[in-house]
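Here the structure is laid out as structure tokens; the discussion comes afterwards.
Numbering (the numbering used here), first residue to last: 5 to 401.
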């Protein structure tokens, strides 16, 4: 029998985007993961109510009133005040009122909350103490290991981690190397079997793309590096790798961040910097790319609490992926990735050349496509839904 699930996260539909202008607060990767979690839970026969804080980039005493989404009546948005600290506590106050009302109308069998954010964690602990609702943490990104989180904020998150971890009934882990003192399932990324576009018509130039054909010899390959442009996502490793390969290709780089100026200053003629793209433009670039790169640093502490979810987006689009050995990529996906190790730009260049060679060989690429297909099946939404329902049963939700 399906469960009533309350999913507490930072999720946006177009109606709240229009109200709050979230800017950098809206992460497309986070949106994709949130949508996937919702769809996966519903695939398992569960009813999902979403409670979203929906942060804004604005700063001031302006109050944004919460509301029920007209685009999806199961999504509710919190009141917020657009000032640090006040926004968190205004969310927490509003969310407690919402939870009390929801318990009367449709009592949650389980509460799933995203990360160790103050307002999410406090609501989860309140739900467990006040109403006896089992709580599951969607644990990823390791806020205490993120370079963007420091000072008092980091201290608050460390304290929350100590409090929350020992109160958990279950956890969704973004990689298998994270250890928690409760039952868990690993959910690395968003994978839908229908997205694997292996049966559509090939493009006129027979380049690698929707049809999954190898690249016509003599045509220039296109690599895509789409990422936050900073140190921990390996931007500098990608730029340095260019000096270790003479392969003729186009490297398209898209994103924004503190390393953006270094990308702009790169004089290698193979590099095309596209700036920050909206999701529609990014998807267009993805469809036209031959090979995608994930360079997130494996030796950075952040890597231990994350998983580059774009890898699954790339594989679902039928793209070969060159990747660092961050998190548990080697254990989970090694057959479907062109891995390099130790965040070494020379090894990255060699992996790019290996991927290019496979793209130029029809037989080799057919074998590679079979490996991608197997990954898609193993990580399908229905398979994950079955595992999550098993976790619900294990924790007595």
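Cβ coordinates follow ideal geometry from the N, Cα and C atoms, glycine included. All values derive from a computational prediction rather than experimental measurement.
(request) Would you tell me roughly how many angstroms separate the C-alpha atoms of residue 299 and residue 319, rounded to the nearest one? (result) By 1-based counting over the chain shown, the position of residue 299 is 295. By 1-based counting over the chain shown, the position of residue 319 is 315. When only Cα atoms are considered, residue 299 and residue 319 end up about 16 Å apart.
(message) Suppose you measure from the CA of residue 397 to the CA of residue 27; what does that come to, to the nearest Å?
(response) Stepping through the chain shown from its first residue, residue 397 is reached at position 393. Stepping through the chain shown from its first residue, residue 27 is reached at position 23. Residue 397 and residue 27 have their alpha carbons spaced roughly 39 Å apart.
(message) Could you compute how far the alpha carbon of residue 147 sits from the alpha carbon of residue 95?
(response) The residue labelled residue 147 in the question sits at position 143 within the chain shown. The residue labelled residue 95 in the question sits at position 91 within the chain shown. With a pLDDT of 49 at residue 147, under the threshold of 50, the modelled position of that residue is not reliable, and no figure is offered here.
(message) Three or more C-beta pairs under 8 Å: does that hold for the region 9-24 against the region 50-60?
(response) Yes: at least three Cβ pairs fall under 8 Å.
(request) Give me whichever residues DSSP pairs with residue 297 in a beta bridge. (result) Translated into the one-based positions of the chain shown, residue 297 becomes position 293. 326, per the DSSP bridge assignment.
(message) Applying the 10 Å Cβ sphere with the 16-neighbour rule, what's the burial state of residue 400?
(response) The sequence position of residue 400 within the chain shown is 396, counting from 1. Result: exposed.
(request) Give a yes or no on whether the C-beta atoms belonging to residue 9 and residue 52 are separated by under 7 Å. (result) Within the chain shown, the letter at position 5 stands for residue 9. Within the chain shown, the letter at position 48 stands for residue 52. For residue 9 and residue 52, yes; Cβs fall inside 7 Å.
(message) By the three-class DSSP mapping on this structure, what secondary structure does residue 263 have?
(response) Mapped onto the chain shown, residue 263 falls at position 259. Shown here, residue 263 sits in coil according to DSSP, grouped into three states, outside any helix or strand.
(request) Would you grab the beta carbon distance between residue 117 and residue 106 for me? Rounded to a whole angstrom, and I think it's under 8 Å. (result) As a position in the chain shown, residue 117 is number 113, starting the count at 1. As a position in the chain shown, residue 106 is number 102, starting the count at 1. Wrong, their Cβ atoms sit about 14 Å apart, outside the cutoff.
(message) Please report the distance separating the alpha-carbon of residue 143 from that of residue 306.
(response) For this step, residue 143 is matched to residue 139 along the chain shown. For this step, residue 306 is matched to residue 302 along the chain shown. A straight line joining the alpha-carbon of residue 143 with that of residue 306 spans about 13 Å.
(message) Looking only at its chain, what residues have a beta carbon closer than 8 Å to the beta carbon of residue 25, apart from the 5 residues adjacent to it on each side?
(response) The sequence position of residue 25 within the chain shown is 21, counting from 1. The answer, listed in chain order, is 60, 61, 62.
(request) Indicate whether the contact test is met: 3 or more Cβ pairs, each with one atom in the region 258-269 and one in the region 369-381, closer than 8 Å. (result) No, because fewer than three Cβ pairs between the region 258-269 and the region 369-381 fall closer than 8 Å, the two stretches do not touch.
(request) Leaving aside the five residues before and after residue 231 along the sequence, list all residues of the same chain whose C-beta is less than 6 Å from its C-beta, in chain order. (result) Locating residue 231 in the chain shown gives position 227, where the first residue counts as 1. Excluding five sequence positions before and after residue 231, the CB atoms of its chain that fall closer than 6 Å to its own CB belong to 237, 259, given in chain order.
(request) Return helix, strand or coil for residue 306, following the three-state DSSP convention. (result) Position 302 of the chain shown, counting from 1, holds the residue named residue 306. Three-state result, residue 306: helix.
(message) Please state whether the Cβ-Cβ distance between residue 252 and residue 363 is less than 7 Å.
(response) Here residue 252 corresponds to residue number 248 of the chain shown, with the count starting at 1. Here residue 363 corresponds to residue number 359 of the chain shown, with the count starting at 1. No, Cβ-Cβ distance for residue 252 and residue 363 is not below 7 Å.
(message) What does the Cβ neighbour count give for residue 247, buried or exposed, with the cut at 16 atoms within 10 Å?
(response) To locate residue 247, count along the chain shown from 1; it is residue 243. Exposed, by the Cβ-count rule.
(request) Go ahead and label residue 304 buried or exposed: buried means 16 or more other beta carbons lie within 10 angstroms of its beta carbon, across all protein chains shown. (result) The residue given as residue 304 occupies position 300 in the chain shown. With 16 or more other CB atoms across the displayed protein chains lying within 10 angstroms of its CB, residue 304 is buried.
(request) Find the nearest neighbour of residue 173 within the set 161, 136, 181, judged by alpha-carbon distance. (result) Position 169 of the chain shown, counted from the first residue, corresponds to residue 173. With distances taken between Cα atoms, residue 173 lies closest to 136.
(request) Classify residue 64 as buried or exposed, calling it buried when 16 or more other Cβ atoms lie within 10 Å of its own Cβ. (result) Here residue 64 corresponds to residue number 60 of the chain shown, with the count starting at 1. Of the residues assessed, residue 64 falls on the exposed side of the cut-off, its CB having fewer than 16 other CB atoms within 10 angstroms.
(request) Return the CA-CA distance between residue 125 and residue 139, expressed in angstroms with no decimal places. (result) Taking the first residue of the chain shown as position 1, residue 125 is located at position 121. Taking the first residue of the chain shown as position 1, residue 139 is located at position 135. Distance between the alpha carbons of residue 125 and residue 139: 10 Å.
(request) Give the straight-line distance between the Cα atoms of residue 358 and residue 40, rounded to the nearest whole angstrom. (result) Within the chain shown, the letter at position 354 stands for residue 358. Within the chain shown, the letter at position 36 stands for residue 40. Those two C-alpha atoms are separated by around 32 Å.
(request) Sort 346, 141, 274, 347 by Cα distance to residue 226 and report the nearest one. (result) Walking along the chain shown from the start, residue 226 turns up at place 222. Answer by Cα proximity: 274.
(message) So, for residue 263: in the same chain, excluding its five sequence neighbours on each side, which residues have a beta-carbon less than 6 Å away from its beta-carbon?
(response) Against the chain shown, residue 263 aligns to sequence position 259. 233, 234, 239.
(message) Quick check on DSSP: helix, strand or coil for residue 396?
(response) As a working mapping, residue 396 is identified with position 392 in the chain shown. Shown here, residue 396 sits in a helix according to DSSP, grouped into three states.
(message) Which same chain residues end up closer than 7 Å to residue 332 when comparing Cβ atoms and leaving out the 5 residues on each side of it in sequence?
(response) By one-based count along the chain shown, residue 332 stands at place 328. Answer for residue 332: 179, 180, 181, listed in chain order.
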